[in-house]
Every structure is written in structure tokens, then in C-alpha cells.
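Visitor: Residue numbers (the numbering used here): 3 to 804.
Using N, Cα and C, we set each Cβ at its ideal position, and we do this for glycine too.
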Ligand code: SF4
């Protein structure tokens, strides 16, 4: 039986089930939508289609085109409402039909509607950061190429390949070959492309199959079709087809399922939810995308409240066991491979709105292009300050509050308890395995990082249960002080806003180097204030040899013999040994004899050498970091694991990092805790050079900690929140998602501050308690290795500010 015959003869229920299976195998539980604003650049069109209400004659319009000011006003409204996409909708070549359009273009200096579209898309991108999607109909190759410079994706519905449809009789641009040529040229130009078919405009089932096969064939040649829209015909008043019957539901569902079966599984399938009363059934037919959802509704008064339409979409999606995720106009498969699919100038605008999977950042709030100027006073803080429109989304290190992902919703009501056994899909299966005691592997870790909505709450719940089982309810903290002895560094880590070159090199900011007396005094001050630990970290000064680190350790121990010296990253230790030409083990033993008690896990960044080649090419590699900690553990020193996440890497790198460090822990048992360090972007050089994302989203941050609790279960008992980067409100959520430790009081934190963080330089016991108490948890002071501190607190609550 041919595929055509099979599709035509298979009972609808069976066809729908087949389509769902293909969709679920390819996309799991994820269903996407694009938060977008519509910009109707011109409602004039040279075509007359029998079903169209969009096109208007000039007499009904005040102006033939929206002005630049009008375009920008709409786009800004969209940006303020949290959109990612500016969808330019317009009629086709109106200047060829209406003099008024041709004259307007001429008077404003444009050769054609497409040229005007190009300039308006560029304007919107520059001023608002919204990503344009050009939907300009059948275009010629040079026009598609011109729009590729300003629009990360483009679209044109094939509609139908029948050339004798009544509804297209007055539409020269609907000639099938014109549409097919446009689709083909878009492929040749490597344009991520959206196309689709209309159902119920006079075509037959065979016609739809032919159109879908033509789309699949073009995609097979170029790989450029990112999504196919299957849209149902509805009669509208004052159109040529107003008396025609709407597309019957079964016919529509058959067409969606057929599209899912004919098209390659990697092509996303969309059906617009607003054209069906009971739109949940569209999911039953195999779609994985709802298309554009515009949050700009009549209620602009309470923009912080969830959008009703979106809420309904989420409920309907979750009722069918799916999870909703916002996407960009360009789909992730194309966004994460920009060198092939996008103009160089668009790489950063896409990255700037992306999460780690290449989907749209999903924290609520506005995202504006960040503009900076040099700070008047730098001292040990950031060297740039933000100017212009402020983004209101949560960012690591910024003061914007995070969304409530667990615990309590925005309106104060608690989230419903998630019953993990009731969840469906790959994430549910992994969590069920975890509850049976299975250890998750690299691929499963990547899958968990794709969680959304209820799935996030389910992961947090499983992690929280494990936390309770392993370490109980107490939230621990350590009274410590950071001593960053120098900010001069010969390394050039691209994310580091802290390091300065030597003065002679006249690089950024004011370099400093504390004397051994300064360091000893700071240690004494810290002891007097009740600290049990000093954390020593700094740049790699060109004048240091390995003995410097030994001298620093001695200076602290001579000043305060009881102080726990937690110091020197794997880079400092490896570099110290290298500069002395001494075997690593000998060198670490000498540090230990001088009084070093444990190593911080920083300098790990991401333990994936492909990513290190971007972030810190001259630094130690993954093997060297792991080796240093292995040797330290052999020498009897404890250390911890950190991960700096959210800059350029994707979840696979996170999974590799977790699995590699877990393997070492299984071997040595020397790590005391895992510390997630979300990348702070604001003043980071790599962000200022437009080469990274804006750090992780809050969902990613929460998942990093919860998944770490699950992945390291049985090997590492303590998962720490970095309050300098996450802030107290976010910390409270993470402490309900697997974390049990708040880290240190720090007193003089300035590495995060140099990258632009603004959560303060020190914490007190009372401030920690203010986080713990509202979530019903006790607070417990610890020493560095998670024992009880063997000294009485000194002056409680004191904070150093300089
Ligand atoms: S991260 Fe450390 S090694 Fe890298 S530049 Fe900054 S101070 Fe230097």
C-alpha cells in the first residue's frame, strides 16, 4: 500500500495515535510557543484572496504604511510585555497595485515594500532587541537575502499547490510555483524558514499530501524548514468565502496528523490555538508548537500578572501531560548553530534572549539591549554601569526578583503538590528511577535540564526529599572572610571582570597587591569578628612563584593559628608548582605543612575543554583541574566542586561536568560540597564583547542545584547556594529544591561585584536566619568541613565593609 493510500484509508484515531508517537519520540513532553507582538507594516496587498480579512483598500486606511514611530511604539509595547519576537505581517507588493503605496515609498526613499520592511526590522532589532520574523509572502532571492541580514527567520505559507482554486483567482503571488521558488531560495540561502498549508479552501486530501511532500522535499535538499503550520479555514464576514462552510474538525485533525507523518520528525508542527474552540485536540493530532501568542491584550494595567491567554494555554498543555516553553522566532536547532543559519550580526541578539537550550529566556519581565558606560568610581566593583532601558527579568547578581517556581505562586497561593507518579514523559521516568535508587547518567542529566513547569517542581520535590533524608532540615553556614590578595593576573579568562593587568600594561582598573602584613591583619580582624575560616583566592600575579602561596598561608596561620585556611584554586596550586618546577604532590604537601587545610573548587568553570577553549583558553584544562583535586585529596586536603554556568555552554556540558566530578568523588571522597555559580554577565568582558548569554535563567539555576542533589546523591551530601549571585529570595527557593548550605558570610566578597553583582559583600547570621525561618528551617553554624565550629561566636552580626 502506498503512503498516500495508507494515509487516506487509515482510521482517524489510528492516524492521530501514530502522529502523537512520532511527536513524543522527537520532542518528549515539550510544547513551545512564541511570545510575540504583531506589526502590520502595511495592510495593502496586491493579491485578492477569498478568505482574507487582513488586506484593506487604501480608502479604509489612514496611511498606506505604518510610520517608523508607529512601528517602534508597537515593538516597545511588545518588549515591555515580555515578548521575544516582532512578527512583521504585511500584504504582498502593494506598490504594484496602488499608486498611493508606490508614492509613499518613493517619498520616503524606499525602492519597495521589502526595502522598507528591511529598515523597520533593523530599527526594531536595534532599539528593542525583539527578534524580527519577516512574513512578506512570495519573494525573490535577492529580497530574501536582504531580509536575512535583519531577520533571524522568515516565513511564507505554501497554502496549497492547486493552481485552480477560486479563492486565489485574484492573487498573482499565490501561483504555486512562486511559492515553491521562494521556499527553495530560502533553503539555498540557509534561512530558517516557516511555511505551511491552509486546510479547507477547496483543496482535497491528495492536494494537501502533495503540498506537504513538496515541503519535505525542499527540506531534504536544504534542511531549512524549521516549522510547518497547518491552519484551518474559517469563513469571515465581508470576504469572498463568507458563505463557505468552515473546515470540518475531522478534516483538520486528519491534515495535522498527516503532516506529522509525512514531514521529517525534526520539523516542528504548529496549529494556531485561537482558531479552534477546543484547542487541546490539536495536541492530540501531533503538534508540538502553538505559534505566536501575543500578550498585548486590553489589560495593560497589570503587566506583572500572568497573561490569561497564556495561562489557559499552559493549563490545556499540562492537562495532556505536556510542558509549555517559550521559544524564539528561530527554533533552537538553528539558534545553537548560528554560523550556518544566521548572519554574523544577528548571533548576539539571538544569544542575548536565549536560554542554554536555545529557547527563549523564560523568566517573566522585560529584556532590553543592555547599554553601558564607564563607571566614574571603580574601586573593587564593576567598571561599567548600565544606562538606558533596564531589563526587569531576573539575572544572576542583579536585584530583580526571581519568579516563584516552587512553593508559592505570584498571587500568594501555593502551587499544587506535584505527584511524581502521576507525571508522564521522559522526565517522569527518570525521577521514578531515582526514587528506586538508580543513579542518573549523562543523557538523563541533560533530559532533566529540559524540565519546565510541573516537571521543575517534580525535580525540586525529589531533590528536597533526598536532602531531607541525607542531611535533615538544618541550613548550615560558615563564618568566613574572603581575602582576594591581588587582582593582578596574567591570565585572560574572558568571563572575569575581577582581574587587572599590571599597571605597566595599563589595562582595566586599579591593580592592587596586599602585603603579607595586610593579609595577616585581615585574618586577625576576621577572627575577632568570629570567623573560623579565611578563603584565599586571587589573580595569578606575574611576580609570584609558588612560594608566595606558602608565605601567604604561613602569614595567616602565624597571625591566627586556629584559623582554617581554605585557599588557592587548582589554577593557583598547579601554577605555583609549575613555576617552582616541583611535583604537584610535593608542593601540595608543603602547602599543607604551612597550614593550608582545604581547596576551593573555583577555576573549574565548566569542565568541558571545548567550552574552556572559549572561556579560558590559557587556563588549566579539565584533566589538570581534576588531577589537582585528586592529588589534594590524596594529600589529605578536602575541596569542593564548583560550576560556573550560563555563559556560552549548553546542558550537555553541565552534564559532563557533573559526571566527571562525580567519578572523582567516587574514587577519593574528598569533595565536601557542590557549589553552583551562575554566571554574572553585566560587567563580564565576554558579555561586553557580545559573545555570551546573560547568565542562566532562574529555572536553570534552580535545576542546576536540584539536579546536582540528585546526581551526586550517595556521594556528596552538601549542595550550596551562592547568595552573592542568587540573592536571598532566590536562595529561599533553592533551599527547598535540594540545597542545605548557604556558604560563608564572606565579609569582603568582590569577585562577583566586579562582574556586576549587587547582592552585597557580606552576610550575617541574622540575615541567614531571615532566609531560613520563613521556610520553616533551622540554622546551624558549621566549620569548613561541615563539623561544628570549636569556638564560641565572637561579635555576632558584625560585617566588614571594606
Ligand atoms: S578568573 Fe582567575 S585566572 Fe582567570 S583572569 Fe580572573 S583572576 Fe585570572
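Quick check: is any heavy atom of the ligand SF4 less than 7 Å from the C-beta of residue 40?
Guide: no
Visitor: Could you check which residue in 11, 597, 619 has the C-alpha nearest to that of residue 605?
Guide: 619
Visitor: Any contact between the stretch 361-372 and the stretch 386-394? By contact I mean 3 or more CB pairs, one from each, below 8 Å.
Guide: Judged by Cβ distances under 8 Å, the stretch 361-372 makes contact with the stretch 386-394, as three or more pairs qualify.
Visitor: With hydrogens ignored, establish whether the beta-carbon of residue 649 is closer than 7 Å to any heavy atom of the ligand SF4.
Guide: no
Visitor: Going by beta-carbon coordinates alone, are residue 263 and residue 199 separated by less than 8 Å?
Guide: no
Visitor: Give me the Cα-Cα distance between residue 195 and residue 534, rounded to the nearest whole angstrom.
Guide: 60 Å
Visitor: Kindly indicate which three-state DSSP category residue 699 falls into: helix, strand or coil?
Guide: Residue 699: coil per DSSP, three-state reduction.
Visitor: Tell whether a beta-carbon distance below 8 Å holds between residue 193 and residue 265.
Guide: no
Visitor: Tell me the DSSP secondary structure of residue 322 in three-state form.
Guide: Residue 322 falls in the coil class under three-state DSSP.
Visitor: Roughly how many angstroms lie between the CA atoms of residue 74 and residue 152, to the nearest whole one?
Guide: 15 Å
Visitor: Find out if the Cβ-Cβ distance for the pair residue 14, residue 48 is shorter than 8 Å.
Guide: no
Visitor: CA-CA distance, residue 768 and residue 479?
Guide: 11 Å
Visitor: With three or more beta-carbon pairs closer than 8 Å as the criterion, would you say the stretch 418-432 touches the stretch 672-689?
Guide: no
Visitor: Got a sec: does the ligand SF4 put a non-hydrogen atom nearer than 7 Å to the Cβ of residue 569?
Guide: No - the ligand SF4 has no heavy atom lying nearer than 7 Å to the Cβ of residue 569.
Visitor: How about the stretch 313-329 and the stretch 350-366: do they share at least three Cβ pairs that are nearer than 8 Å?
Guide: A contact exists between the stretch 313-329 and the stretch 350-366.
Visitor: Is the beta carbon of residue 50 closer than 8 Å to that of residue 172?
Guide: yes
Visitor: Quick check on the burial criterion: 16 or more other C-beta atoms within 10 angstroms. Buried or exposed for residue 512?
Guide: Counting Cβ neighbours within 10 Å, residue 512 comes out exposed, since fewer than 16 surround it.
Visitor: In chain order, which beta strand (DSSP E) runs of at least 3 residues are fully inside the stretch 682-745?
Guide: 720-722
Visitor: In whole angstroms, give me the CA-to-CA distance for residue 101 and residue 94.
Guide: 14 Å
Visitor: Return the bridge partner residues of residue 50 from the DSSP annotation.
Guide: 172
Visitor: Could you check the C-alpha separation between residue 522 and residue 568 for me, to the nearest Å?
Guide: If you draw a straight line from the Cα of residue 522 to the Cα of residue 568, it is about 14 Å long.
Visitor: Which first and last residues belong to the alpha helix (DSSP H) in which residue 393 is found?
Guide: Per DSSP, residue 393 is not a residue of any alpha helix (DSSP H), being assigned neither H nor E.
Visitor: Alpha carbon to alpha carbon, how far is residue 468 from residue 716? Give it in angstroms, no decimals.
Guide: Straight across, the Cα-Cα distance linking residue 716 with residue 468 is about 10 Å.
Visitor: I'd like to know if the stretch 456-466 and the stretch 708-715 are in contact, where contact means that at least 3 CB-CB pairs between them fall below 8 Å.
Guide: Result yes; three or more Cβ-Cβ pairs closer than 8 Å.
Visitor: Among 136, 726, 675, which residue has its Cα nearest to the Cα of residue 124?
Guide: 136
Visitor: Could you tell me which of 22, 677, 756 sits nearest to residue 290, measuring between CA atoms?
Guide: 22
Visitor: Since residue 294 is in the alpha helix (DSSP H), which residue starts that stretch and which ends it?
Guide: Taken as a continuous stretch (DSSP letters only), residue 294 belongs to no alpha helix (DSSP H), being part of the beta strand (DSSP E) at 291-295.
Visitor: In chain order, what residues of the same chain lie with their CB nearer than 6 Å to the CB of residue 240, ignoring the 5 residues before and after it?
Guide: none
Visitor: I'd like to confirm the pairing. Which residues does DSSP put opposite residue 567 in its beta bridges?
Guide: 536, 598
Visitor: How would you label residue 707, buried or exposed, when you count the other beta carbons within 10 angstroms and need 16 or more for buried?
Guide: By the beta-carbon neighbour count (other beta carbons within 10 angstroms, threshold 16), residue 707 is buried.
Visitor: Taking the alpha carbon of residue 574 as the point to measure from, which residue in 646, 492, 673 has its own alpha carbon closest?
Guide: Minimum Cα distance to residue 574 is reached at 492.
Visitor: Are residue 731 and residue 403 close, meaning C-beta to C-beta below 8 Å?
Guide: When the beta-carbon positions are compared, residue 731 and residue 403 come within less than 8 Å of each other.
Visitor: With contact counted as at least three CB pairs below 8 Å, one residue from each stretch, are the stretch 26-40 and the stretch 80-92 in contact?
Guide: yes
Visitor: What residue does the beta strand (DSSP E) around residue 156 start on, and which one ends it?
Guide: 155-157 is the extent of the beta strand (DSSP E) around residue 156.
Visitor: Pair every Cβ in the stretch 587-595 with every Cβ in the stretch 526-542, then say whether three or more of these pairs are closer than 8 Å.
Guide: no
Visitor: Beta carbon of residue 718, beta carbon of residue 675: below 8 Å?
Guide: yes
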